[in-house]
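All remarks here apply to the structure that follows.
Protein chains: 2
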Amino acid sequence: MRQGCINILQVCRINIFDYFCTMMKRRNTATQEAVLAVLTSKRRAMSQDAIVKQMDVRADRATIYRILNRFCEDEIVHKIVADDGKQYFAVCIKCDEKTISNNHFHFRCTKCETIECLPTIVEFSAPQNYKVQQMNCVLVGVCKDCD
Amino acid sequence: MRQGCINILQVCRINIFDYFCTMMKRRNTATQEAVLAVLTSKRRAMSQDAIVKQMDVRADRATIYRILNRFCEDEIVHKIVADDGKQYFAVCIKCDEKTISNNHFHFRCTKCETIECLPTIVEFSAPQNYKVQQMNCVLVGVCKDCD
DNA sequence: TCATTAATGCGACAAGGTTGCATTAATATA
DNA sequence: TATATTAATGCAACCTTGTCGCATTAATGA
Ligand SMILES: [Mn+2]
Ligand SMILES: [Mn+2]
Ligand SMILES: [Zn+2]
Ligand SMILES: [Zn+2]
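Quick mapping for you: the protein sequence lines, in order, are chains A and B. Under my numbering, the first residue of the first sequence is numbered -2, with each subsequent residue one higher. Under my numbering, the first residue of the second sequence is numbered -2, with each subsequent residue one higher.
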């Protein structure tokens, strides 16, 4: 990866956490910063246990969940429930060239067991008088790196 | 509902269970028939506990799950994991005028708390070299009956 | 420096689902 | 019909994921 990219990512990460602390009036704690750091560096949808494994700071399970739910409330992270019934969390990337909103497909690779946000918007025509407020769409298969 | 419809549904249900017993070489048991009867009569995606509540025969939780997974193996039922992380099961309807395959959206109504199969096929264009084998797509909102 | 209270750790808990194992009963065959 | 085979079941134990209450810690503002 080019140096430029790393810088952009790092600036981005700092900005998100900064936004979280100042705009959302959250306290600056090592654990919260570490969780966000993992999510932004991996750029994948990750489960609680996967996140903990990547963290340098130790933290309780309940705390991690509380942090993740806080991130969701503040809309810097979104939650996906995969077909294994587990919750996965991914940063809402806004510093990228293309903004990825919440209405996109997710892809679970059965080989590398990762879940990623696809830049593919979910298109549908719901039947008459159905009001769609959220969606949770996961495609399952083999990703480009595993085939 | 017209008498004709009921007849068609009942014939259909008998045929599915008959198919299950003869073609799939499964034994004819009251519990299996009861589970399938609930699913075909409700025509909704139902969770294990919702199914049990509708059953006249009593059966163990583990047994119900084993039956449902057996139905999935034999492809007379399909499984959806909703955004509450729970598994829901729905008959694969083939006796209807329009066949509903597995590649359709599901809709969870937050008011009546039901999950139904929509006749809306999931359309998407996965990125280059991604192989999609299954999907689990749930739209969440308010259904036509609740608004 | 101190007061406020958000954030954390710990334990307990619940829900959902699976598995092992003994028992029951559906089916095929004699 | 009687018997053997083994699929299906019931029960208990277990695991995983996620949440909650409560005491404690520490970030923040005054
Ligand atoms: Mn996403
Ligand atoms: Mn369906
Ligand atoms: Zn992969
Ligand atoms: Zn409804």
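Positions of the beta carbon are idealized from the N, C-alpha and C atoms, including for glycine. All values derive from a computational prediction rather than experimental measurement.
One alpha carbon belongs to D80(B), the other to F68(A), and they sit about 18 Å apart. When DSSP states are grouped into helix, strand and coil, E70(A) belongs to the helix group. For the pair T37(B) and A59(A), the Cα-to-Cα distance works out to about 41 Å. Looking at F17(A), Q125(A), E110(A) and F102(A), the one whose alpha-carbon comes closest to that of L115(B) is Q125(A). Residue-level contact check: T117(B) touches chain A, since one or more beta carbons of chain A fall below 7 Å from its beta carbon. Excluding the 5 residues flanking it on each side, L65(A) has same chain C-beta neighbours closer than 6 Å at F86, in chain order.
Of all C-beta pairs linking the segment 47 to 62 of chain B to the segment 21 to 28 of chain B, three or more are shorter than 8 Å, placing the two stretches in contact. The nearest non-hydrogen atom of ligand 4 is less than 6 Å from the C-beta of K108(B). DSSP lists V135(B) as the beta-bridge partner residues of N133(A).
Y62(B) sits exposed, since fewer than 16 C-beta atoms from the chains shown fall within 10 Å of its C-beta. In summary, E113(B) is buried, with 16 or more beta-carbon neighbours lying within 10 Å of its beta-carbon over all protein chains present. When DSSP assignments are scanned along the segment 92 to 124 of chain A, the uninterrupted stretches of beta strand (DSSP E) that are 3 or more residues long and fall wholly within it turn out to be 101 to 106 and 112 to 118.
Residue R41(B) holds the alpha-carbon nearest to the alpha-carbon of H75(B) among C143(B), R41(B), D144(B) and G138(B). With distances taken between CA atoms, I118(A) lies nearest to H101(A) out of C18(A), N133(A), H101(A) and Y127(A). Just so you know, the alpha carbons of G82(B) and Y16(B) end up roughly 31 Å apart. For C109(B), same chain residues with a beta-carbon under 7 Å away, outside a window of 5 residues either side, are C140, D142 and C143 in chain order.
Note that the C-beta distance between V135(B) and G138(A) is not below 7 Å. Inclusion of C114(A) in the 6 Å shell around ligand 1 follows from its C-beta lying nearer than that to a non-hydrogen atom of the ligand.
For V32(A), there is no enclosing beta strand (DSSP E); the residue is part of the alpha helix (DSSP H) that begins and ends at A27 to K39.
An exposed status is given to M20(A), since fewer than 16 other beta-carbon atoms sit within 10 Å of its beta-carbon.
Apart from the 5 residues on each side of it in sequence, E72(A) sits with its Cβ closer than 8 Å to the Cβ of C89 in its chain, given in chain order. Of the heavy atoms belonging to ligand 2, at least one sits nearer than 6 Å to the Cβ of A87(B). At least one heavy atom of ligand 3 is found less than 6 Å from the C-beta of D142(A). Closest by C-alpha distance to R105(B), out of S98(B), S122(B), V49(B) and Q84(B), is Q84(B).
N99(A) counts as exposed, since fewer than 16 other beta carbons sit within 10 angstroms of its beta carbon. The beta carbon of N133(A) lies closer than 6 Å to those of V78 in the same chain, with the five residues before and after it left out.
Nearest in C-alpha terms to E70(A), of all of Q45(A), K50(A), N12(A) and K22(A), is K22(A).
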